[in-house]
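Chemist:
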Amino acid sequence: MKKIITTWEDKMKLLICTTEYYPHGSGIANVAYNVVEQLKKMGVDCTVCSPTGPDIKINSLNGYGRLGLIHFWYKVGKHFRNKADEYDAVWLHYPLFIGHVPFKKCLITVHSTAYGFMIQKINPVYYKLCYILENICLNRFSEKTRFTGVSSKTCKETHEILKGNQDVLYIPNGVDTTLFKPSEETEKIRDKLGIPLNAKIILSVGRLVDHKMLFSMIDTFNEIQKVHDRYVLVIAGKGKLFEPLQEYVTKSNIKNIKFIGYVPDCDLPDLYSCSDYFIISSKYEGGEPVLTVAEAMASGLPCIGSNIPNLKIVEDSNSGIVVDFSNLQLTSKRIINYLKKDNSKDSFNSINYVVNNLDWSLLAGIYFKELKKL
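When we follow numbering that gives the first Met the number 0, the leftmost residue of the sequence shown carries the number 0, and every step to the right adds one.
#1: What's the C-alpha gap between ASP44 and ILE107?
#2: Helix or strand or just coil, what does DSSP make of ALA88?
#3: Give the C-beta separation of PHE347 and PRO268 to the nearest angstrom, bearing in mind that I take them to be a contact with Cβ-Cβ under 8 Å.
#4: By Cβ distance below 7 Å, which residues in the same chain neighbour PRO123 in space, the five residues on each side in sequence not counted?
#5: If you draw a straight line from the alpha carbon of VAL47 to that of HIS23, how long is it in whole angstroms?
#6: Do SER272 and SER182 have their beta-carbon atoms positioned less than 7 Å apart in this structure?
#7: According to DSSP, which residues form a beta bridge with CYS395?
#8: According to DSSP, VAL204 sits in a beta bridge with which residue or residues?
#9: Where does SER215 fall in DSSP's three states?
#10: Which partner residues does TYR276 have in the DSSP bridge list?
#11: Using three-state DSSP, classify LYS2 as helix, strand or coil.
#12: Tell me, please, whether the CB atom of PRO268 is closer than 7 Å to any CB atom in chain B?
#13: If you draw a straight line from the alpha carbon of ILE345 to that of LYS339, how long is it in whole angstroms?
#14: Thinking just about the alpha-carbon of each residue, which of TYR247, GLN224, ASP266, LEU207 is nearest to the one in LYS237?
#15: Please list, in chain order, all residues of the same chain as PHE277 whose beta carbon is under 6 Å from its beta carbon, the five residues on each side excluded.
#16: Would you grab the beta carbon distance between GLY148 and TYR114 for me? Rounded to a whole angstrom, and I think it's under 8 Å.
#17: Starting from the C-beta of LEU60, find all residues in its chain whose C-beta is less than 6 Å away, skip the five residues before and the five after it, and write them out in chain order.
#18: By a C-beta neighbour count over all protein chains shown, 10 Å radius and 16 as the cutoff for buried, is LEU370 buried or exposed?
#19: Since I believe PRO171 is in contact with GLU36 (beta carbons under 8 Å), could you give me their beta-carbon distance rounded to a whole number of angstroms?
#20: Relative to the C-alpha of GLU126, which residue among ILE97, VAL226, SER111 is closest?
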């Protein structure tokens, strides 16, 4: 992927509206922040509006799911009702306007869809209601609106929501390769984070929620350590399953699993770089690659992922293996065989792929090209 060089006479004034922004939030915040930082370097005048600012702060209702999102976008619509023309372009992240839509020239990025969760039968009643809302809101924009998605699957879902009336461009999730990279100070970092010095670390990073299939991951690891007892599964993250997972591990007497809870963004590069492998067992994800997978690959970790479209990148880039976590015996056998091999080439492939395809400076150029088309 070639870096896009852009020049223009007049500086673009860009408004970014997002429900979360770094250092608060996760996937959406990560994409918005990193692209904005690159656009600023390219000379774009960026104004960010989110519940936490930094330029325009519009409060949202935390803990209310889609209702909280609706409330945020309602207030965005009200705030910019007579101000939209002050900007050359507007970049919206999964907007759910049920009232007035103030923006005529906008780029919409969809990170995941309620439709996708619904068809995967993840909390189906809730997500069916969310899909009805999503369908109404995303179809309210003008024909001049451009759409992007962070995975090929999300693009397909969004295209179906829009009834085939809009093209949806796939722009992958990226990674900051100046932050996420291999380190020579593994022991020092492990000591700092309280991770065993002599163990082989299989790392999992993410929210501890149902669709991540974490119980299946733990069962699989239990089978692995019957053969390879030098491995430790380190689970980083919080969520509603944090305590149930720990109780399950204790009750099942499964050894060598360490829950380290929430890890601040500033410590994540060290956490990846002191690990040996990365594992993700999700049955549904929005991004492609999943942000944590991109970060792990940039850090040189061979990856073990579930066989969903969003993780196809692992096999396509020869950076690891994908398995079916619903088949315990077959998956355990495949992973055990994989761990027996010398996977240093997969580590090299991971880094090489990310540097050449997923660096934010490359992806920001693609976003800018779309914004110029508005």
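Positions of the beta carbon are idealized from the N, C-alpha and C atoms, including for glycine.
Modeler: So, to answer that:
#1: 18 Å
#2: strand
#3: Actually they are not in contact, since the Cβ atoms of PHE347 and PRO268 sit about 19 Å apart, beyond 8 Å.
#4: If we look at PRO123 and ignore the five residues flanking it on each side, its Cβ neighbours are MET117.
#5: 13 Å
#6: yes
#7: Only positions 0 to 373 of the chain appear in the structure, and residue 395 is not among them; the question remains open.
#8: Answer by DSSP bridge pairing, in chain order: ALA235.
#9: helix
#10: ILE201
#11: Residue confidence for LYS2 is low, a pLDDT of 46 falling below 50, so the modelled location carries little weight and cannot support an answer.
#12: Given the protein chain composition of this structure (a single chain), no chain B is represented.
#13: A quick correction: the sequence has Asp, not Ile, at residue 345. Those two C-alpha atoms are separated by around 13 Å.
#14: LEU207
#15: The beta carbon of PHE277 lies closer than 6 Å to those of LEU202, ALA295, LEU300, CYS302 in the same chain, with the five residues before and after it left out.
#16: Going by Cβ atoms, the distance from GLY148 to TYR114 rounds to 12 Å, so no, they are not a contact pair.
#17: GLY67, HIS70
#18: buried
#19: At roughly 17 Å, the Cβ-Cβ gap does not stay under 8 Å, so GLU36 and PRO171 are not in contact.
#20: Rather than Glu, the amino acid found at residue 126 in this sequence is Tyr. It is SER111.
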